[in-house]
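The opening position of the sequence shown corresponds to residue 1 in the UniProt record's numbering, with each subsequent residue numbered one higher.
Take a look at the structure set out below.
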Amino acid sequence: MFFGGIAYDWISTLIKCPRKVNVENYQKRIISKCGVFTGMNNLYGKKQWLFMQDGAPVHSARSTIEYLQKRCKILKNWPANSPDLNPIENLWGIMSRKLNEFDIKTVNNLEGVVRKVWKNIDWGMIENLINSMNRRLELVVQLNGDCINGYF
Numbered sequence: 001m002f003f004g005g006i007a008y009d010w011i012s013t014l015i016k017c018p019r020k021v022n023v024e025n026y027q028k029r030i031i032s033k034c035g036v037f038t039g040m041n042n043l044y045g046k047k048q049w050l051f052m053q054d055g056a057p058v059h060s061a062r063s064t065i066e067y068l069q070k071r072c073k074i075l076k077n078w079p080a081n082s083p084d085l086n087p088i089e090n091l092w093g094i095m096s097r098k099l100n101e102f103d104i105k106t107v108n109n110l111e112g113v114v115r116k117v118w119k120n121i122d123w124g125m126i127e128n129l130i131n132s133m134n135r136r137l138e139l140v141v142q143l144n145g146d147c148i149n150g151y152f
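So this is what it looks like as structure tokens:
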């Protein structure tokens, strides 16, 4: 499993996650090492950007919320069963399809290919994913909160 982040003009370092991600690993070995705080603060100013994550237990742990609140703005009450509108989820799907184009035989080979695909992500694609947020939100409202997966 990998952790990565995107913004309109920025992409994080890709972090390989340990098999079991606990709160400490998430805060100290994943979030702090991906460069999100430095990168986003340089682009947008300190606490002038929003850190978005899902409702996974390590994300919603009180210590994680406190850790993030010291460093950025966060969405605190993201519903656990909400439609997944985070553009990074679409990017993971695109990357997964690209990985299928490679003949991957070992775990080490897989890691190298994942890093190569991440490094070569098209900026226009990231911009399109982020720009589609308003349409996605409107569609969720139109569908009374139902899944929008088949629409994009």
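Glycine residues also receive a C-beta, built at the ideal position from the N, C-alpha and C atoms.
A contact between stretches requires three or more CB pairs, one per stretch, nearer than 8 Å, and the segment 13-25 fails this requirement with the segment 47-55. Lys116 and Asn131 have their C-alpha atoms roughly 25 Å apart.
With the rule of 3 Cβ pairs closer than 8 Å, the segment 28-43 does not count as touching the segment 133-146.
The beta carbon of Ile15 lies closer than 8 Å to those of Phe2, Phe3, Gly4, Arg29, Ile30, Lys33, Cys34 in the same chain, with the five residues before and after it left out. For secondary structure counted as the alpha helix (DSSP H) over 4 or more consecutive residues, the UniProt domain "Tc1-like transposase DDE" (46-109) holds these complete runs in sequence order: 57-60, 62-69, 87-99. Put simply, of Thr106, Leu143, Leu110, Asn149 the residue whose alpha carbon is nearest the alpha carbon of Gly93 is Asn149. An exposed status is given to Pro57, since fewer than 16 other beta-carbon atoms sit within 10 Å of its beta-carbon. Ranked by Cα distance from Met95, the options Cys17, Ala7, Lys73, Ile126 are led by Ile126. In this chain, the alpha helix (DSSP H) harbouring Leu43 covers 36-44. Within the same chain, Cβ atoms closer than 8 Å to the Cβ of Lys98 are found at Val117, the five residues on either side in sequence being excluded.
The alpha-carbon of Tyr67 is positioned some 24 Å away from that of Asp9.
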